[in-house]
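J.: Numbering (UniProt numbering), first residue to last: 1 to 825.
We put the CB at the ideal spot given by N, CA and C, even for glycine.
Just so we're clear, the structure is a prediction, and the values are computed from it rather than from any experiment.
Listed below in structure tokens is the structure:
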């Protein structure tokens, strides 16, 4: 929007001067500095809007006018004003002369006689409106004309920028008409900058359509009474009231637009494998676009980041599978499944899933709950004299049968009962596991390498000069090294903070926007590189490095091979265990089902504006079938990893550029493609080949990535925000719907109920009852459906548990140019 006023220059000649503009928000030219002022929301007088509607109802409306030049347009407008008796014939020349005065972009002082020339534009269409309004002494009454050209034309020297013009608005009248022409000009310009009115103006067939669009604009406007407001905080109620009106308008608009993807993915079709067929027919036709959308630099940054995000859990969880602790010799699986198997499983299953899945944004990986099950099942097999790997093969067979039956009868629709209550508990738990594992491993480093002073006689010397022979080496384990714990802490914290603040840097005011985005996108790889160089610079300090296998071999070649016989190593695997394996198979299936489907729900939340849909049925089938058959190779089962999947989606989120001064970036799109997931899985598999390079990366650096993913995944979870509110006085609570609609004590009670469920899950997972974890997770669903309605009212549950219409998470991410938001994991 460009606002020009008719002024008298130094030569006492009339000409147009640019004094304000609208790029979504209104900006005015500062008189002293001739610079654009701070962007602001246009505030209009109610009277000016009523006057605008009144003049629009009596003025001339010319729709689809066939003219291509400013003189031709002005001639037609003047003639129509004469025909409609708005101006006299003798005033024709004066009005025409006023319209054709020359335009300048520099600011000069404004005369009391003003005519406003304003261009209202639509971002993307670049088809502005030109509005002229003002008082002139030669007219007896106000006269108005609204023009929509049949084709957009370029009117030279009219606008500051050379863009085509489609609309014109003219309002002239005498100074004695008791009408503020300047405010009416601002009103029509603000209307034309509103996307709903702009669309209505494009589609209008007559005057009544324009008047109806003005009425709809007034319906969503707020009138402030003429009284002083002592505190700006009191204005929050006004903004909140208007947001409610805007939300209702959006709902009305959306109710008239048919769904882009037809039937909902979690709606029962009523036929065998109906959901699977719908997933395939909806998603696979977009396969070519999945490849084309990957041709973006942001995808390259995501590949590097997610590679380390996928490799680090494979290395770390693989080490945990080998031993009770990565630094102790007590075995969890007696070395039968370790780093090699987890790397191969992550790569193999990831490749298959990225190629065939309906939602390739999901990242397949190992998780804490699956680790708990593997440990519990190994203990059971060892106590009962059963071959662990062979038992897993039969569990895999049952998994395939269970998932085929589940998909055949569209069992995935049951995920509809997984409400926000359960999603947030599970997501918070997974993020907490990442954070806990980081500090647990760091504490173990401090235990193995305690900080100590070194003495030489009566003189204290630096610990870096301590005698290295003091380090005890037991079975290849290095302990007691000086400075190891301190350097490990620095590497972990440095990786986390560099990655975190480089992400924040993306929305800072330094450097051009493109450079900031590149730095922000590659923040994690940059953090890893910097801290690896820091570790390399300390040649006299020991830090534990990545334990990547050298070569394609199993973790314990003396105990097993790559192929596991279903009959056992001696062919005597008990038949009763073949049948009884269905019970642990059900447990594994519940774990994979819950984690994968909840992750898919989180990734596909409506605020992410995914355009290609998802596929709950086909994705579950691929994950479970491939994982079940992989048990014959002695590979671990995997699921859609919540933290890694959300991090992957965040890395592929494209934020809108803040083209409007004062505007904040919003989610524009997510690069929905399958190339990044495919290449990440391939690179994880190739990690065995480049093991020598990866073995130079300190484990503490990966701890920093663990911490980064865990902390960032907590952002946007409503449970996290409500936990913070427990420590905050009510007067400082944010303006969120669950704060406004629920009393503070009731909101805190809801938070405490979720904390109790979270604590129970953590205790079960950390004790001998770990095999019951899937059932305990399922129990949160009846707690939500049966217990909460007895404690809270329906309105309170809707406000706290339903998906908030206000995209709280994405507003956070928009300010951070991702989300990086972050997605409510």
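#1: Considering only the alpha carbon of each residue, which of 686, 176, 698 and 718 lies closest to residue 420?
#2: Start and end of the beta strand (DSSP E) containing residue 148?
#3: Where do the ends of the alpha helix (DSSP H) carrying residue 523 lie?
#4: How many angstroms separate the CA atom of residue 442 from the CA atom of residue 542?
#5: Do you know whose CA, among 241, 685 and 513, lies nearest residue 349's CA?
#6: Whole angstroms are fine: how far does the CA of residue 289 sit from the CA of residue 751?
#7: Take the Cβ of residue 176 as the centre, count every other Cβ of all protein chains shown within 10 Å, and call the residue buried at 16 or more, exposed below.
#8: So, residue 774 versus residue 598, is the Cβ gap smaller than 8 Å?
#9: Among 587, 49 and 297, which residue has its Cα nearest to the Cα of residue 219?
#10: Nearest to residue 540 by CA position, among 487, 571, 592 and 414, is which residue?
#11: Decide if residue 165 is buried, meaning its Cβ has at least 16 other Cβ atoms within 10 Å, or exposed.
#12: Report the CB separation of residue 162 from residue 304 in whole angstroms; it is logged as a contact under 8 Å.
#13: For residue 46, name the three-state secondary structure that DSSP assigns.
#14: My assumption, with CB atoms under 8 Å, is that residue 307 sits in contact with residue 680. Please give the rounded CB distance.
#15: Where does residue 351 land, buried or exposed, given buried means 16+ other C-beta within 10 angstroms?
#16: Pairing CB atoms from the region 550-570 with CB atoms from the region 702-712, are three or more of them under 8 Å?
#17: Within this structure, are the beta carbons of residue 640 and residue 413 separated by less than 8 Å?
#18: Helix, strand or coil, according to DSSP, for residue 8 in the structure here?
#19: My assumption, with CB atoms under 8 Å, is that residue 293 sits in contact with residue 605. Please give the rounded CB distance.
#20: Can residue 648 and residue 370 be called in contact, C-beta distance under 8 Å?
#21: Name the two residues that bound the continuous beta strand (DSSP E) containing residue 15.
#22: Could you say which of 150, 510, 380 and 95 lies nearest to residue 144 if we only look at CA atoms?
#23: Taking residue 83 as part of the alpha helix (DSSP H), name the residues at either end of that continuous run.
#24: Taking its Cβ as the centre, do 16 or more other Cβ atoms sit within 10 Å of residue 347, making it buried, or is it exposed?
#25: Note down, in chain order, each residue of its chain lying with its Cβ closer than 7 Å to the Cβ of residue 302, except the 5 sequence neighbours on either side.
#26: Do you know how far the Cα of residue 337 is from the Cα of residue 556?
#27: Alpha carbon to alpha carbon, how far is residue 503 from residue 510? Give it in angstroms, no decimals.
#28: For residue 140, which of 570, 101, 178 and 266 has the nearest alpha-carbon?
#29: Check whether the Cβ atoms of residue 592 and residue 356 lie closer than 8 Å to each other.
#30: What distance in whole Å lies between the Cβ atoms of residue 426 and residue 881, which are believed to be in contact at a cut-off of 8 Å?
#31: With distances taken Cα to Cα, identify the nearest neighbour of residue 678 among 577, 634, 795 and 291.
#32: Counting C-beta neighbours from all protein chains within 10 Å, is the total for residue 295 16 or more, i.e. buried, or is it exposed?
#33: Cα-Cα, which of 520, 499 and 495 is closest to residue 507?
#34: Name the two residues that bound the continuous alpha helix (DSSP H) containing residue 655.
#35: Taking C-beta to C-beta, are residue 148 and residue 206 nearer than 8 Å?
#36: Roughly how many angstroms separate the alpha carbons of residue 138 and residue 13, rounded to a whole number?
T.: In terms of the structure at hand:
#1: 718
#2: 143-153
#3: 523-537
#4: 15 Å
#5: 685
#6: 42 Å
#7: exposed
#8: no
#9: 49
#10: 487
#11: buried
#12: Not a contact, Cβ separation roughly 41 Å.
#13: helix
#14: 5 Å
#15: buried
#16: no
#17: no
#18: strand
#19: About 20 Å; that fails the 8 Å criterion.
#20: no
#21: 14-23
#22: 95
#23: 70-83
#24: buried
#25: 648, 651, 652 and 676
#26: 8 Å
#27: 13 Å
#28: 178
#29: no
#30: The question about residue 881 has no answer here: the residues shown for the chain are numbered 1 through 825.
#31: 291
#32: exposed
#33: 520
#34: Segment 653-655 is the beta strand (DSSP E) holding residue 655; no alpha helix (DSSP H) there.
#35: no
#36: 18 Å
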